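Undergrad: One point on numbering: in our numbering, the residue at position 212 of the sequence shown is 1101, and numbering is uninterrupted.
A virtual CB, placed ideally from N, CA and C, is assigned to each residue, including glycine.
The model shown is predicted, which means the values in this text are computed figures rather than measured ones.
Sharing a structure with you now.
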Amino acid sequence: MEKNCKFLASWSEKDDEQGYKVREWTTKAQSSDNEAYCKVCMCNIDVSQKGFQAVTQHVSTTKHRKNMTAQKSVGQMRLTSIGASSSSATGVLNESPSVLQLCSVRDQTTRAELIWTMKSVASNFSTSSCYDLKATFQAMFGLSNVLQNFSLRRTKITYLITEALAPYFKNEQRKEIGNSYFTLLYDETTNAAGRKELHTAVRYWCEPTNCVVTQHLETFFIGKARSDDLLRKLNEVMSNASLPSSNLLMLGSNRPNVNKAVLKKMDQELLKSRKKGLVNIGTCNIHTTHNAFRKSMKELDTFLNVGLP
């Protein structure tokens, strides 16, 4: 007796021999209800005689297995849509233009790992905090292709910080500072382990944000904190950050009477190299500028009160 099996939508939720959902690679053929269409092999499967058994037989073919392996590879490029429509709180559908872009599971996984690494740096997490992170995310969000390949350990997160993120942000910092004049800030202190640390930062006028910006540069562990040692490290940090000494305005420290010898020696170096020393408004430039601004605002208030009827 001739059979006339048709493709059933319920087949899509079944698992094939390779462990994939049938819906991931097949659908009903447009040409006939008696055929399924394999999206990875790009061919029709006749199900009229054997029904779902024809689908399972196709899965066992060498061609299909190879195509599925390639299609599910983490390096396989896929088209994804970004900028989908979303509903606002008022119930109005906001249509934003969709953009198709090529990406792979590997790229998406690397992006996820970098995002968590930046979160760890911003929140001052220990590098050991990423231990068993994959299992935690799986319990929270379920398993996905990205999560299957997500892998972070103490050594990997350290590598991502030093070899992937640090060079990128340093380059962005160089481009942002550009040819702006800057102040080099430093603070020498002793940490909890009894080791000398030298923290350095740069303060400059940022054109993109139109404001004064202060950013960390480097932290050094130093055995001694003599003026010559500090001066050498300050020159080193400017060289590492590609900051020309010709644009150095002044040095800033945490207290007004700290390391006056460093200030004097840096000033002498600049006088020799560019014929102009540091801007001299005192050893504690922040307090001096703040007091001058406060005094000017007081005088302005007095002037306005007298001048206005």
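Where does L1119 sit, in a helix, a strand or coil, going by DSSP?
TA: Here the question's residue 1119 lines up with position 230 in the sequence shown. DSSP places L1119 in helix when its eight states are reduced to three.
Undergrad: Take L1119 as the anchor and find which of D1021, K1164, K1161 and E1086 has the nearest alpha-carbon.
TA: Mapped onto the sequence shown, residue 1119 falls at position 230. The shortest Cα separation from L1119 among D1021, K1164, K1161 and E1086 belongs to E1086.
Undergrad: How big is the Cα-Cα spacing for Y1093 and Q1037?
TA: Taking the first residue of the sequence shown as 1, we reach residue 1093 at position 204. Taking the first residue of the sequence shown as 1, we reach residue 1037 at position 148. If you take the alpha carbons of Y1093 and Q1037, they lie about 44 Å apart.
Undergrad: One question on the structure: do E1002 and F1039 come within less than 8 Å of each other, judged by their Cβ atoms?
TA: By 1-based counting over the sequence shown, the position of residue 1002 is 113. By 1-based counting over the sequence shown, the position of residue 1039 is 150. Closer than 8 Å, so yes.
Undergrad: Cα separation between H907 and E913?
TA: Within the sequence shown, the letter at position 18 stands for residue 907. Within the sequence shown, the letter at position 24 stands for residue 913. A small fix is needed here, since residue 907 is Gln in this sequence, not His. So the two alpha carbons sit approximately 12 Å from each other.
Undergrad: Which class does R1042 belong to by DSSP, given the choice of helix, strand or coil?
TA: Taking the sequence shown and counting its residues from 1, the one referred to as residue 1042 is at position 153. Looking at R1042 - three-state DSSP - the assignment turns out to be coil, as it is neither helix nor strand.
Undergrad: Does the distance from the CB of D905 to the CB of V936 come in under 8 Å?
TA: Against the sequence shown, residue 905 aligns to sequence position 16. Against the sequence shown, residue 936 aligns to sequence position 47. In this structure, V936 does not lie closer than 8 Å to D905 by Cβ.
Undergrad: For P1056, which of L1106, N1080 and S1017 has the nearest alpha-carbon?
TA: For the purposes of this step, residue 1056 is taken as residue 167 along the sequence shown, with counting starting at 1. For P1056, the nearest C-alpha among the options comes from L1106.
Undergrad: Buried or exposed, going by whether 16 or more other CB atoms sit within 10 Å of the CB of L1167?
TA: Counting from one through the sequence shown, the residue named residue 1167 turns up at place 278. Result: buried.
Undergrad: State the CB to CB distance for the pair N923 and C894, rounded to an integer number of angstroms; the pair is presumed to be in contact (CB under 8 Å).
TA: Against the sequence shown, residue 923 aligns to sequence position 34. Against the sequence shown, residue 894 aligns to sequence position 5. The pair is a contact, with the Cβ atoms about 7 Å apart (cut-off 8 Å).
Undergrad: Is it buried or exposed, L1160, if we count other Cβ atoms within 10 angstroms and call 16 or more buried?
TA: Here residue 1160 is taken as the residue at index 271 of the sequence shown, counted from 1. Flag for L1160 reads exposed.
Undergrad: Quick one: Cα of F1014 to Cα of R954, how far?
TA: Position 125 of the sequence shown, counting from 1, holds the residue named residue 1014. Position 65 of the sequence shown, counting from 1, holds the residue named residue 954. If I take the Cα positions, the gap works out to 43 Å.
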